[in-house]
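Asks:
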Amino acid sequence: MAKLTAKQANELANNFLALAQSIGDYRYTNYDNLSKIQNQNLRESHRRILDYSDHLFTLSATLVLEDVQTSLTSIGAVTSEIKATYKTLQNVQKAINVAASVVTLGASILSKNPQAIADSIGGLVDTWNA
Amino acid sequence: MTKKIKKIGLGLILLTVGLSSCVNLKHVNDFSSSSLKSIKKYEEINYSFKQNCLDNCQDKKINDLSLSAKDCDCRLNEKADSVTLLIYNSVRGYLDGLTNLSNNELTSYKMDALTKVLTEGDFGSIKIEKEQVEAYSKISKILLKAFTDEYRKRKIKEYVLSANEPIKVLITFLDFNLSSNLIGNFRVQKNSIEEYSFELLKDSTLSKIEKRKVIEDYYSRINKIEEKEKELVTYSKALKKIAEGHQKLVDNIETLSKDEIKELLTQYASDIQDIISEFNKLKK
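As they're listed, the protein sequences go chains W and G.
Be aware that the first sequence starts at 58, since it is given in my numbering, and climbs by one per residue.
Be aware that the second sequence starts at 17, since it is given in my numbering, and climbs by one per residue.
1. Do I61 of chain G and E247 of chain G have their beta-carbon atoms positioned less than 7 Å apart in this structure?
2. Can you name the residues of chain W whose CB is closer than 8 Å to the CB of T164 of chain G?
3. Thinking D97 of chain G and F65 of chain G are a contact (beta carbons under 8 Å), I'd like their distance in whole angstroms, please.
4. When the Cα of R84 of chain W is compared with those of G:A285, G:S118, G:Y212, which residue comes out closest?
5. Is the beta carbon of N201 of chain G closer than 7 Å to that of N89 of chain W?
6. What residue ranges within the segment 178–251 of chain G form continuous beta strand (DSSP E) runs of no fewer than 3 residues, ordered along the chain?
7. How would you label I80 of chain W, buried or exposed, when you count the other beta carbons within 10 angstroms and need 16 or more for buried?
8. Does the distance from the C-beta atom of N45 of chain G to that of S118 of chain G stay below 7 Å?
9. Out of G:R203, G:E121, G:Y175, G:A254, point me to the one whose CA is closest to A141 of chain W's CA.
10. Thinking C-beta only, is A175 of chain W closer than 7 Å to L130 of chain G?
11. Is there at least one Cβ from chain W nearer than 7 Å to K240 of chain G's Cβ?
12. Pull up the distance between the alpha-carbon of L122 of chain G and that of L61 of chain W, whole angstroms please.
13. Looking at the structure shown, is L91 of chain W part of a helix, part of a strand, or coil, going by DSSP?
14. Return the residue from the list G:K257, G:I231, G:V204, G:D287 that minimises the CA-CA distance to S216 of chain G.
15. Would you say V107 of chain G and I155 of chain G are within 7 Å of each other, going by their C-beta atoms?
16. If you count every other CB in all the chains shown that lies within 10 Å of the CB of P182 of chain G, and 16 or more means buried, which is it?
17. Given that a residue counts as buried once 16 or more other Cβ atoms are within 10 Å of its Cβ, and exposed if not, what is S82 of chain G?
18. Is there a Cβ of chain G sitting closer than 7 Å to that of D183 of chain W, yes or no?
19. So is S79 of chain W in contact with chain G if we call contact Cβ pairs under 7 Å?
20. When the Cα of Q205 of chain G is compared with those of G:Q74, G:F47, G:L41, which residue comes out closest?
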C-alpha cells in the first residue's frame with residue numbers, strides 16, 4: 058500500500074475539519090429539536106472527528122521529513138563548503154599576522170637581544186594559535 | 017626590460033584595482049542578513065506542536081473534571097517539532113554562512129601589524145624607508161582584496177546556484193508545517209473550545225453569571241490563539257520573501273555587480289525588514 062504523503066495528510070486533515078465544522082454547526086442550530094441521545098451522538102462524532110483532524114495535521118508535519126530529506130543533505134553540503142571558504146578567507150588575515158610575527162622575530166635575532174628573541178617567539182606562537 | 021616589468025606591474029595593479037571596485041557584495045550581504053534576522057524570528061514564536069497537544073490535553077482534563085494531567089501522549093507532536101526544527105536549523109545555517117561570506121569586512125585585511133614591524137623594527141644594516149613600506153603595504157592590501165573578493169564572488173555564485181533548489185524546498189516545507197499544519201491545529205483547537213463553551217452555555221444548572229464567565233473565557237482564548245496565528249502568518253510572509261529574493265539572486269547571478277540587481281536585493285532586504293517590524297509589533 059502506498060504511503061501517505063505530508064500533503065495528502067494535510068488535505069485529509071482539512072477535510073475532516075470541514076466535516077467536523079458542519080456537524081458542529083448542525084448541532085448548534087438544531088440543538089433544541091434534537092433528542093438528548095441524538096445530541097450526545099452528534100457531540101461524540103464531532104469531538105472524534107476534530108481529534109482525527111488534529112492528529113492528521115500533526116502527522117502531516119512529521120511526514121514532511123520524507124519530502125525534505127534530499128534537500129537537507131544538499132543544503133548541508135553547501136553550508137559546509139561555505140564555512141570552509143569563510144575559514145580560508147579568515148586564514149589570510151592569520152597568515153598576515155604570522156608574517157608580522159616572523160618579521161619581528163627576524164628583527165630581534167638581528168638585534169642579538171635574547172629577551173627580545175624570547176618575546177618574539179612567544180608572540181609568534183600566540184599568533185599561530187589564534 | 018625593467019621598464020617592461022614596471023609596465024606589467026602597473027597594469028596588473030590597475031586591473032585589480034578595477035576589479036576590486038566592481039566587487040561589492042554589500043547588497044548580497046544586506047539581503048542575506050535581513051533574511052537571517054527574519055528566519056530567526058522562529059525562535060520567538062514561543063509555540064509548538066507539543067504545546068498545542070498539552071493545551072488540548074489540559075482542556076480535555078478540565079472538561080472531564082480530571083486531575084490526572086500526566087497521561088498526555090504528545091510523542092507525535094514532539095516529532096513534528098523536531099522535524100520543523102531540523103528544517104529551520106538547515107535554512108538558518110545556510111543563511112548564516114552566506115551572510116558571513118558576503119560581508120565585505122571579511123576581506124578587509126589589516127596590514128598594520130606588518131607595516132609597523134617593517135618600519136619600526138631594527139634590521140641592523142638593512143635600512144627600510146617608512147614611505148616605501150607604507151606604499152607597498154597599501155598596494156598589497158588592494159591586490160589582496162581584489163583577488164580575495166573575486167574569489168569570494170565566484171564562490172558565492174557557485175553556492176547560491178547550488179543552494180537555490182534545496183533552499184526553496186526547505187522554506188516551502190517550513191512554511192507548510194507552520195502556516196498549514198500548526199495553524200490547522202489552531203483551527204481544530206478553536207472548534208473544540210467553541211464546542212465546550214456551547215455545551216456549558218446549554219447547561220441549565222449554570223447561572224447567568226457563570227455563563228457570562230464562559231463567554232468571557234471563550235473570547236479570551238480565541239483571541240490568544242488568533243494572536244499566535246497572526247505571528248505565524250507574518251512569519252510565513254517573511255519566508256516567502258526570502259525564497260523569492262533568493263530566486264531573484266539566482267536569476268541575476270551573472271550580473272551581480274549591476275545596479276539593477278543591487279536595487280532589487282536592497283528592496284527585498286527592506287521588505288523583509290518591514291515584515292520583521294510587523295512581527296515585532298505583534299509580539300508587543
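Each residue gets a CB set at the ideal place from its N, CA and C atoms; glycine is no exception.
Replies: Let me spell this out:
1. At the C-beta level, E247 of chain G and I61 of chain G come within 7 Å of one another.
2. Ordered by position in chain W, the residues that pass the 8 Å Cβ test against T164 of chain G are L146, V149.
3. 5 Å
4. G:Y212
5. A small fix is needed here, since residue 89 of chain W is Asp in this sequence, not Asn. No, the Cβ-Cβ distance between D89 of chain W and N201 of chain G is not below 7 Å.
6. none
7. buried
8. yes
9. G:Y175
10. no
11. no
12. The C-alpha of L122 of chain G lies about 47 Å from the C-alpha of L61 of chain W.
13. coil
14. Note that residue 216 of chain G is Leu in the sequence shown, not Ser. Of the listed residues, the one whose Cα sits closest to L216 of chain G is G:I231.
15. no
16. buried
17. exposed
18. no
19. no
20. Closest option to Q205 of chain G, Cα to Cα, is G:Q74.
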